[in-house]
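**Student:** Each residue of the sequence shown is one higher than the last, beginning at 1372 in this note's numbering.
Every residue, glycine too, gets a C-beta built ideally from N, C-alpha and C.
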Amino acid sequence: MGTASPALWEYRIWPESGEAIAERLQAALNFNAQPPRTDVYFRLPSRAPAQAKLRGGAQFDIKELLACDDGLEHWRPVVASGFPLDDEDRATLARLFPTIPTALTSLAALREALLSEGDEVVIDKRRHVAMEPGGLRAEIATASLDGRQCSTLCLEHENSAELSRQVDRFGFRDWVNLGYPGWIARNA
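#1: Would the stretch 1422-1432 and the stretch 1499-1510 be scored as touching if the rule is three or more Cβ pairs under 8 Å?
#2: Just list the alpha helix (DSSP H) runs in the stretch 1486-1539, keeping only unbroken ones of 4 residues or longer that don't cross its boundaries, in chain order.
#3: In the stretch 1377-1421, which residue ranges form an unbroken beta strand (DSSP E) of at least 3 residues, counting only runs that do not cross its ends?
#4: Evaluate the contact criterion for the stretch 1510-1517 versus the stretch 1435-1447: three or more CB pairs, one atom per stretch, below 8 Å.
#5: Does the Cβ-Cβ distance between residue 1384 and residue 1525 come in under 9 Å?
#6: From this set, 1547, 1497 and 1416, which residue's C-alpha is nearest residue 1520's C-alpha?
#7: Can you tell me whether residue 1523 is buried or exposed, with buried defined as 16 or more other CB within 10 angstroms of its CB?
#8: Can you give me the C-alpha to C-alpha distance between residue 1468 and residue 1488, rounded to a whole angstrom?
#9: How would you write the range of the beta strand (DSSP E) that residue 1465 sits in, first residue to last?
#10: Among the residues of its own chain, which have a CB less than 6 Å from the CB of residue 1553, if the five just before and after it don't count?
#11: For residue 1481, which of helix, strand or coil comes out of DSSP?
#12: Under a Cβ-count criterion, where at least 16 other Cβ atoms within 10 Å of its own Cβ denotes burial, should residue 1556 be classed as buried or exposed?
#13: Report yes if the C-beta distance between residue 1490 and residue 1540 is below 9 Å; otherwise report no.
#14: With DSSP as the reference, label residue 1541 as helix, strand or coil.
#15: Are the Cβ atoms of residue 1443 and residue 1503 separated by less than 9 Å?
#16: Whose C-beta lies closer than 7 Å to the C-beta of residue 1550 among residues of the same chain, with five residues either side of it excluded?
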């Protein structure tokens, strides 16, 4: 993969009762349902703030946290690959998670190597996603963890000032920005 995907500023909330804010998003943006999927997040030490996961059982992803500013988080996807990993993805894996072997030949072997360094959290997701011409990406999702279902809403944009404007527009600032790593730490 390399770094072809752009870094995005993100603001994710987990409201206990988020129907009103979801309705505001749905009234303003055009959402499409995504197929349900199960993601496996790994909690393990890294050299930089990063989140590793198996997406839908078919792809290995790593997002690296670049910065936090005014409640926004700036994440860059640095790996998004099936197997085998290319040289750039193996180098990124070695940089962020130096104890994980990079010559693994399957997602199952990678999962076992990651589990030797930490634990995993399995989250089932049902998502609706909107992508607007101005670059705004929005998500309305349900995440299930250990039989508990939680609603999550997310706004993303390449430009932090524009994302901040959208966060204010939709009333997200009433809740703390909490990405999946923080939510997992609180709930797993």
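**Tutor:** Put simply:
#1: no
#2: none
#3: 1379-1384 and 1408-1414
#4: no
#5: As a first step, residue 1384 is located in the sequence shown; it is residue number 13 there, counting from the start. As a first step, residue 1525 is located in the sequence shown; it is residue number 154 there, counting from the start. Contact: yes.
#6: Locating residue 1520 in the sequence shown gives position 149, counting from the first residue. Looking at the Cα atoms, 1497 is the closest of the given residues.
#7: To locate residue 1523, count along the sequence shown from 1; it is residue 152. So residue 1523 counts as buried.
#8: As a working note, residue 1468 is residue 97 in the sequence shown. As a working note, residue 1488 is residue 117 in the sequence shown. Cα to Cα, the separation comes out at about 9 Å.
#9: Taking the sequence shown and counting its residues from 1, the one referred to as residue 1465 is at position 94. Per DSSP, residue 1465 belongs to no beta strand (DSSP E); it is in the alpha helix (DSSP H), 1458-1467.
#10: Here residue 1553 corresponds to residue number 182 of the sequence shown, with the count starting at 1. Excluding positions up to five away in sequence, the list is empty.
#11: Position 110 of the sequence shown, counting from 1, holds the residue named residue 1481. Helix.
#12: Here residue 1556 corresponds to residue number 185 of the sequence shown, with the count starting at 1. Per the 10 Å Cβ criterion, exposed.
#13: In the sequence shown, the residue the question calls residue 1490 occupies position 119. In the sequence shown, the residue the question calls residue 1540 occupies position 169. Cβ atoms of residue 1490 and residue 1540: not closer than 9 Å.
#14: For this step, residue 1541 is matched to residue 170 along the sequence shown. Here residue 1541 sits in helix by DSSP.
#15: For this step, residue 1443 is matched to residue 72 along the sequence shown. For this step, residue 1503 is matched to residue 132 along the sequence shown. It is not a contact, given that the beta carbons lie outside the stated cut-off.
#16: Taking the sequence shown and counting its residues from 1, one reaches residue 1550 at position 179. For residue 1550, where only same-chain residues beyond five positions count, the Cβ hits under 7 Å are 1381, 1383 and 1444.
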